[in-house]
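Read the structure below first, then the notes.
Protein chains: 2
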Amino acid sequence: MKDIGGLMVPTFDDVLAAHARVAPYIHRTPVLTSSFLNELTGAELFFKCENFQKAGAFKVRGACNAVFGLTDEMAAKGVATHSSGNHALSLSYAAGRRGIPCHVVMPRTAPQAKKDAVLGYGGQITECEPSTSSREAVFAEVQARTGAEFVHPYNDPRVIAGQGTCSRELLEQVDGLDAVIAPIGGGGMISGTCLTLSTLAPGVEVFAAEPLNADDAARSFRAGKIIADDAPETVADGLKVPLKDLTWHFVKAHVTDVLTATEDQIVEAMKLIWKRMKIVMEPSSAVPLASILANRDRFKGRRVGVIVTGGNVDLDRLPWMK
Amino acid sequence: MKDIGGLMVPTFDDVLAAHARVAPYIHRTPVLTSSFLNELTGAELFFKCENFQKAGAFKVRGACNAVFGLTDEMAAKGVATHSSGNHALSLSYAAGRRGIPCHVVMPRTAPQAKKDAVLGYGGQITECEPSTSSREAVFAEVQARTGAEFVHPYNDPRVIAGQGTCSRELLEQVDGLDAVIAPIGGGGMISGTCLTLSTLAPGVEVFAAEPLNADDAARSFRAGKIIADDAPETVADGLKVPLKDLTWHFVKAHVTDVLTATEDQIVEAMKLIWKRMKIVMEPSSAVPLASILANRDRFKGRRVGVIVTGGNVDLDRLPWMK
Numbered sequence: 001m002k003d004i005g006g007l008m009v010p011t012f013d014d015v016l017a018a019h020a021r022v023a024p025y026i027h028r029t030p031v032l033t034s035s036f037l038n039e040l041t042g043a044e045l046f047f048k049c050e051n052f053q054k055a056g057a058f059k060v061r062g063a064c065n066a067v068f069g070l071t072d073e074m075a076a077k078g079v080a081t082h083s084s085g086n087h088a089l090s091l092s093y094a095a096g097r098r099g100i101p102c103h104v105v106m107p108r109t110a111p112q113a114k115k116d117a118v119l120g121y122g123g124q125i126t127e128c129e130p131s132t133s134s135r136e137a138v139f140a141e142v143q144a145r146t147g148a149e150f151v152h153p154y155n156d157p158r159v160i161a162g163q164g165t166c167s168r169e170l171l172e173q174v175d176g177l178d179a180v181i182a183p184i185g186g187g188g189m190i191s192g193t194c195l196t197l198s199t200l201a202p203g204v205e206v207f208a209a210e211p212l213n214a215d216d217a218a219r220s221f222r223a224g225k226i227i228a229d230d231a232p233e234t235v236a237d238g239l240k241v242p243l244k245d246l247t248w249h250f251v252k253a254h255v256t257d258v259l260t261a262t263e264d265q266i267v268e269a270m271k272l273i274w275k276r277m278k279i280v281m282e283p284s285s286a287v288p289l290a291s292i293l294a295n296r297d298r299f300k301g302r303r304v305g306v307i308v309t310g311g312n313v314d315l316d317r318l319p320w321m322k
Numbered sequence: 323m324k325d326i327g328g329l330m331v332p333t334f335d336d337v338l339a340a341h342a343r344v345a346p347y348i349h350r351t352p353v354l355t356s357s358f359l360n361e362l363t364g365a366e367l368f369f370k371c372e373n374f375q376k377a378g379a380f381k382v383r384g385a386c387n388a389v390f391g392l393t394d395e396m397a398a399k400g401v402a403t404h405s406s407g408n409h410a411l412s413l414s415y416a417a418g419r420r421g422i423p424c425h426v427v428m429p430r431t432a433p434q435a436k437k438d439a440v441l442g443y444g445g446q447i448t449e450c451e452p453s454t455s456s457r458e459a460v461f462a463e464v465q466a467r468t469g470a471e472f473v474h475p476y477n478d479p480r481v482i483a484g485q486g487t488c489s490r491e492l493l494e495q496v497d498g499l500d501a502v503i504a505p506i507g508g509g510g511m512i513s514g515t516c517l518t519l520s521t522l523a524p525g526v527e528v529f530a531a532e533p534l535n536a537d538d539a540a541r542s543f544r545a546g547k548i549i550a551d552d553a554p555e556t557v558a559d560g561l562k563v564p565l566k567d568l569t570w571h572f573v574k575a576h577v578t579d580v581l582t583a584t585e586d587q588i589v590e591a592m593k594l595i596w597k598r599m600k601i602v603m604e605p606s607s608a609v610p611l612a613s614i615l616a617n618r619d620r621f622k623g624r625r626v627g628v629i630v631t632g633g634n635v636d637l638d639r640l641p642w643m644k
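Okay, structure coming up:
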């Protein structure tokens with residue numbers, strides 16, 4: 001960790017420490033390929049399948065790093081967070097493994113599948129309205145009442161260091177990558193990816209993929225400063241949250257470009273992956289393939305790592321079933 | 323191959339020859355586990371994921387063995403078959419790889435996803451009514467017209483030897499199995515499984531799993547002779563076909579038991595696997611888990627290989643979306 005103008009920024013040593021700390025609690029997820037999708041895109045795609053991860057998403061990496069890095073004294077009061085879904089259940093999973101309480105503030109509109117999963121892992125839910133402002137207000141109340149340690153879903157150096165373990169595995173699993181693409185919401189996965197790649201493989205480009213309907217990261221990237229929307233609407237419900245100072249630090253310094261995809265392109269890419277790769281993943285995880293298909297020239301002939309961020313989808317409400 | 327009272331029965335040497343022949347055209351599919359499903363069943367389950375196989379199903383093993391074993395002269399006239407789906411597209415895939423024609427007779431009621439896939443692999447479809455009798459009549463006409471080599475979906479020693487390669491891989495991937503369970507329709511996969519296990523691991527039990535709505539194999543097993551139904555109705559559309567003499571030879575000699583599951587149990591097991599393992603597989607492939615859940619005492623505390631036979635499902639018509 002280093003202090004950059006008051007911002008506590010994780011270093012690659014923190015990623016290494018995180019990897020050793022979380023290894024007993026996470027999967028080393030497989031990398032899958034599809035000859036059909038390679039032909040369709042003209043690229044060689046390597047899908048890092050965090051949909052197979054514990055708790056169904058990459059977020060368990062950062063959550064476990066935060067939870068298992070606490071002193072016993074801090075851990076005793078539990079942890080707390082606000083999240084649109086996967087961080088909530090990942091933190092609940094991590095807290096459960098350590099045997100401490102986990103308090104979660106979730107939008108009342110979050111998919112029932114995610115609420116059930118949080119409860120299933122032993123998390124305690126307090127609902128808020130589906131806006132960033134309401135979420136933060138309700139959370140302040142919960143934290144004041146419990147004294148639990150706040151683990152932010154992404155703007156937290158412990159969380160970013162944890163997410164950085166994903167692309168460390170990817171580099172061990174695939175040789176000669178030209179680029180890595182991951183979805184961007186708050187930017188935790190992208191920041192961890194930047195952190196690891198800029199150290200281990202600085203020649204590999206990092207692309208962030210975002211729904212056009214929630215393109216605050218793309219607009220921030222072009223404007224050179226954080227632009228945040230309150231409550232954008234997209235099928236990729238994991239990507240509605242805005243960048244924050246720590247993730248912006250990584251995005252502005254290391255990301256090659258932020259690409260966007262329309263809602264139709266996202267749903268089509270999701271269905272294509274389900275149909276051809278036979279894996280269940282959530283709409284957010286389809287945004288990278290949708291963005292590749294919408295920007296084929298950027299990826300043609302290149303070896304591209306694609307982070308499939310999670311698989312927690314409500315099977316009763318699939319986006320192509322209207 | 324050995325002649326047993328006029329029946330040409332494949333031997334384990336045929337499995338070895340098949341494996342060498344098909345290896346360039348198939349995937350060595352992964353084995354996945356789920357701590358949730360282990361806890362739920364009380365067994366240790368090892369899912370052999372043929373849903374990730376080329377053409378989306380194990381049937382490509384047998385189809386490739388048949389196609390690539392033909393002389394150039396025989397191959398020139400192409401191949402032909404009737405199939406409720408996966409064999410059709412597997413044979414189309416195999417024929418396409420060899421560059422020869424593939425003629426397919428399919429029930430007009432087969433899922434559109436499977437028809438599209440056959441056409442996508444270059445197969446030529448002739449439709450029949452959804453009954454065994456109609457299927458066989460239409461097929462005779464097609465074969466007479468084309469002179470193509472008939473590759474039966476399961477009652478063919480080349481096909482059974484090909485399917486036997488699946489459990490050969492499984493034994494290399496998982497140590498100390500107590501049992502293997504696979505769906506049974508016509509019995510091709512079960513026969514190949516019996517052939518391989520009876521040679522390499524004779525102590526491993528083989529269970530066949532069948533929809534209660536199409537339980538001709540279970541009734542045959544108990545009666546000691548083949549009982550066939552015409553056009554049974556089940557969500558597990560790959561399992562409607564009856565046993566034939568060659569598959570019955572293996573079932574009666576090597577299968578420990580034939581277990582059944584109701585339609586509701588099959589759909590519930592399918593959804594459970596999608597939700598927890600994040601893999602897309604078809605209803606037929608859920609019958610083994612449904613049967614394990616309906617017969618927990620038979621599997622408790624045991625290490626069980628579960629063949630996930632295929633992943634070709636119509637995403638617009640999932641069985642839990644009424």
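For the protein sequence lines, the chains are A and B, in the order given. For the first sequence, counting from 1, position 75 maps to 75 in the numbering used here; every step adds exactly one. Residues are numbered in the numbering used here as their position in the second sequence, beginning at 1, plus a constant of 322. Ideal Cβ placement from N, Cα and C applies to all residues, glycine included.
(message) Taking a contact to mean a Cβ-Cβ separation below 9 Å, would you say Ser285 (chain A) touches Thr309 (chain A) in this structure?
(response) On the first sequence, position 285 is the one that residue 285 (chain A) refers to. On the first sequence, position 309 is the one that residue 309 (chain A) refers to. It is a contact, given that the beta carbons lie within the stated cut-off.
(request) Give the interface partners of Ala511 (chain B) over in chain A, defined as CB-CB distance under 8 Å, in chain order. (result) By 1-based counting over the second sequence, the position of residue 511 (chain B) is 189. Note on residue identity: the sequence assigns Met, not Ala, to residue 511 (chain B). In chain order: nothing, as chain A lies at least about 18 Å away.
(message) Going by DSSP, what residue range makes up the alpha helix (DSSP H) through Val287 (chain A)?
(response) Against the first sequence, residue 287 (chain A) aligns to sequence position 287. That run of the alpha helix (DSSP H) goes 283–294.
(request) Identify the continuous alpha helix (DSSP H) that holds Pro157 (chain A) and give its terminal residues. (result) Within the first sequence, residue 157 (chain A) is the residue found at index 157, counting from 1. Run containing Pro157 (chain A): 157–173, per the alpha helix (DSSP H) assignment.
(request) Spell out whether any CB of chain A is found under 9 Å from the CB atom of Trp570 (chain B). (result) What you label residue 570 (chain B) is simply residue 248 of the second sequence in a count that begins at 1. By this cut-off, Trp570 (chain B) is not an interface position.
(message) So that I know if they touch, is there some Cβ in chain A lying closer than 9 Å to that of Leu534 (chain B)?
(response) Taking the second sequence and counting its residues from 1, the one referred to as residue 534 (chain B) is at position 212. It does not: the Cβ of Leu534 (chain B) has no partner Cβ on chain A nearer than 9 Å.
(request) Kindly indicate the opening and closing residues of the alpha helix (DSSP H) around Lys566 (chain B). (result) As a position in the second sequence, residue 566 (chain B) is number 244, starting the count at 1. Where Lys566 (chain B) is concerned, there is no enclosing alpha helix (DSSP H), given that its DSSP letter is neither H nor E.
(request) Going by DSSP, name the residue or residues bridged to Leu367 (chain B). (result) If you number the second sequence from 1, residue 367 (chain B) lands on position 45. The partner list for Leu367 (chain B) (beta bridge, DSSP) reads B:Val626.
(request) Go to Gly330 (chain B), then tell me how far its beta strand (DSSP E) extends in each direction, as first and last residue. (result) Along the second sequence, one-based indexing puts residue 330 (chain B) at 8. Gly is not the amino acid found at residue 330 (chain B); the sequence shown has Met there. Run containing Met330 (chain B): 329–331, per the beta strand (DSSP E) assignment.
(request) Check Pro24 (chain A) in the structure and name its three-state DSSP category. (result) As a working mapping, residue 24 (chain A) is identified with position 24 in the first sequence. Here Pro24 (chain A) sits in helix by DSSP.
(message) When you compare the region 269–282 of chain A with the region 208–227 of chain A, are there three or more beta-carbon pairs, one atom per stretch, that lie closer than 8 Å?
(response) no
(request) Rounded to whole angstroms, what's the CA-CA distance from Pro564 (chain B) to Ala377 (chain B)? Just pull it up for me. (result) Position 242 of the second sequence, counted from the first residue, corresponds to residue 564 (chain B). Position 55 of the second sequence, counted from the first residue, corresponds to residue 377 (chain B). One alpha carbon belongs to Pro564 (chain B), the other to Ala377 (chain B), and they sit about 23 Å apart.
(request) Throw me the rounded Cβ distance for the His404 (chain B) and Arg457 (chain B) pair, which I believe falls under 8 Å. (result) By 1-based counting over the second sequence, the position of residue 404 (chain B) is 82. By 1-based counting over the second sequence, the position of residue 457 (chain B) is 135. Contact flag correct, Cβ pair sits at about 5 Å.
(request) Mind reading off the beta-carbon distance from Ala501 (chain B) to Ala531 (chain B)? Whole number of angstroms is fine, and I expect it under 8 Å. (result) Position 179 of the second sequence, counted from the first residue, corresponds to residue 501 (chain B). Position 209 of the second sequence, counted from the first residue, corresponds to residue 531 (chain B). Actually they do not touch by this definition, with Cβ atoms about 11 Å apart.
(request) Taking Phe529 (chain B) as part of the alpha helix (DSSP H), name the residues at either end of that continuous run. (result) As a position in the second sequence, residue 529 (chain B) is number 207, starting the count at 1. That residue, Phe529 (chain B), is in no alpha helix (DSSP H); its beta strand (DSSP E) goes 527–533.
(request) Could you confirm whether any beta carbon from chain A is found closer than 9 Å to the beta carbon of Val602 (chain B)? (result) One-based indexing of the second sequence puts residue 602 (chain B) at position 280. Cβ-Cβ to chain A under 9 Å: yes for Val602 (chain B).
(message) Which residue marks the beginning of the alpha helix (DSSP H) containing Lys271 (chain A), and which one marks its end?
(response) Numbered from its first residue, the first sequence carries residue 271 (chain A) at position 271. First-last of the alpha helix (DSSP H) with Lys271 (chain A): 263–277.
(request) Classify Glu172 (chain A) as buried or exposed, calling it buried when 16 or more other Cβ atoms lie within 10 Å of its own Cβ. (result) The count along the first sequence starts at 1 and reaches residue 172 (chain A) at position 172. Glu172 (chain A) should be labelled exposed.
(request) Thinking Val67 (chain A) and Val79 (chain A) are a contact (beta carbons under 8 Å), I'd like their distance in whole angstroms, please. (result) Here residue 67 (chain A) is taken as the residue at index 67 of the first sequence, counted from 1. Here residue 79 (chain A) is taken as the residue at index 79 of the first sequence, counted from 1. Val79 (chain A) and Val67 (chain A) do touch by the CB rule: their CB atoms are close to 6 Å apart, below 8 Å.
(request) Leaving aside the five residues before and after Phe461 (chain B) along the sequence, list all residues of the same chain whose C-beta is less than 6 Å from its C-beta, in chain order. (result) Your numbering for residue 461 (chain B) matches position 139 in the second sequence. The answer, listed in chain order, is His404, Val427.
(request) Compare the C-alpha of Tyr121 (chain A) against each of A:Ser133, A:Val280, A:Ile100 and name the closest. (result) Your numbering for residue 121 (chain A) matches position 121 in the first sequence. Taking only the C-alpha atoms, the option nearest Tyr121 (chain A) is A:Ile100.
(message) Does chain B have any CB closer than 9 Å to the CB of Ala113 (chain A)?
(response) Within the first sequence, numbered from 1, the residue matching residue 113 (chain A) stands at position 113. It does; some Cβ of chain B falls within 9 Å.
(message) Beta carbons nearer than 7 Å to chain A: which residues of the region 583–600 of chain B have them?
(response) Lys593, Trp596, Lys597, Lys600
(request) Could you spell out the range, first to last residue, of the alpha helix (DSSP H) harbouring Gln124 (chain A)? (result) Reading the first sequence from its first residue, position 124 is the one you call residue 124 (chain A). Careful: Gln124 (chain A) lies outside any alpha helix (DSSP H), inside the beta strand (DSSP E) at 124–128.
(request) Could you tell me whether the Cβ of Pro183 (chain A) comes closer than 9 Å to any Cβ of chain B? (result) If you number the first sequence from 1, residue 183 (chain A) lands on position 183. For Pro183 (chain A), the answer is no, since every Cβ of chain B falls outside 9 Å of its Cβ.
(message) On a Cα-Cα basis, can you pick out the residue from A:Ala137, A:Asp237, A:Ile266, A:Phe47 that is closest to Pro114 (chain A)?
(response) Locating residue 114 (chain A) in the first sequence gives position 114, counting from the first residue. Here residue 114 (chain A) is Lys; the residue named in the question, Pro, does not match the sequence. Measuring from the Cα of Lys114 (chain A), the nearest candidate turns out to be A:Asp237.
(request) Check the Cβ of Met396 (chain B) against every Cβ in chain E and list those closer than 8 Å, keeping chain order. (result) No chain E appears in this structure, whose protein chains are A and B.
(message) For Pro157 (chain A), count the other beta carbons within 10 Å of its own beta carbon; 16 or more makes it buried, fewer makes it exposed. Which is it?
(response) Taking the first residue of the first sequence as 1, we reach residue 157 (chain A) at position 157. By the 10 Å Cβ count, Pro157 (chain A) comes out buried.
(message) Helix, strand or coil, according to DSSP, for Lys225 (chain A) in the structure here?
(response) Numbered from its first residue, the first sequence carries residue 225 (chain A) at position 225. In the structure shown, Lys225 (chain A) sits in coil (DSSP, three-state: anything other than H, G, I, E or B).
(request) Can you tell me which of the three DSSP states His152 (chain A) falls into? (result) For the purposes of this step, residue 152 (chain A) is taken as the residue at position 152 of the first sequence. DSSP places His152 (chain A) in coil when its eight states are reduced to three.
(message) Could you compute how far the alpha carbon of Ile4 (chain A) sits from the alpha carbon of Glu149 (chain A)?
(response) Here residue 4 (chain A) corresponds to residue number 4 of the first sequence, with the count starting at 1. Here residue 149 (chain A) corresponds to residue number 149 of the first sequence, with the count starting at 1. Between Ile4 (chain A) and Glu149 (chain A), the C-alpha separation is close to 23 Å.
(request) Go ahead and label Phe36 (chain A) buried or exposed: buried means 16 or more other beta carbons lie within 10 angstroms of its beta carbon, across all protein chains shown. (result) Residue numbering aside, residue 36 (chain A) sits at position 36 when the first sequence is read from its first letter. Exposed, by the Cβ-count rule.
(message) Counting C-beta neighbours from all protein chains within 10 Å, is the total for Trp320 (chain A) 16 or more, i.e. buried, or is it exposed?
(response) Counted from its first residue, the first sequence places residue 320 (chain A) at position 320. Looking at its Cβ environment, which holds fewer than 16 other Cβ atoms inside 10 Å, Trp320 (chain A) is exposed.
(request) Put Met511 (chain B) into one of helix, strand or coil per three-state DSSP. (result) On the second sequence, residue 511 (chain B) is found 189 positions in, with the first residue counted as 1. It is helical.
(request) Could you spell out where the beta strand (DSSP E) holding Val235 (chain A) opens and where it closes? (result) On the first sequence, residue 235 (chain A) is found 235 positions in, with the first residue counted as 1. Careful: Val235 (chain A) lies outside any beta strand (DSSP E) and carries neither H nor E.
(request) Could you please tell me which residues of the region 360–375 of chain B, in chain order, have their CB closer than 7 Å to any CB of chain A? (result) Asn373, Phe374
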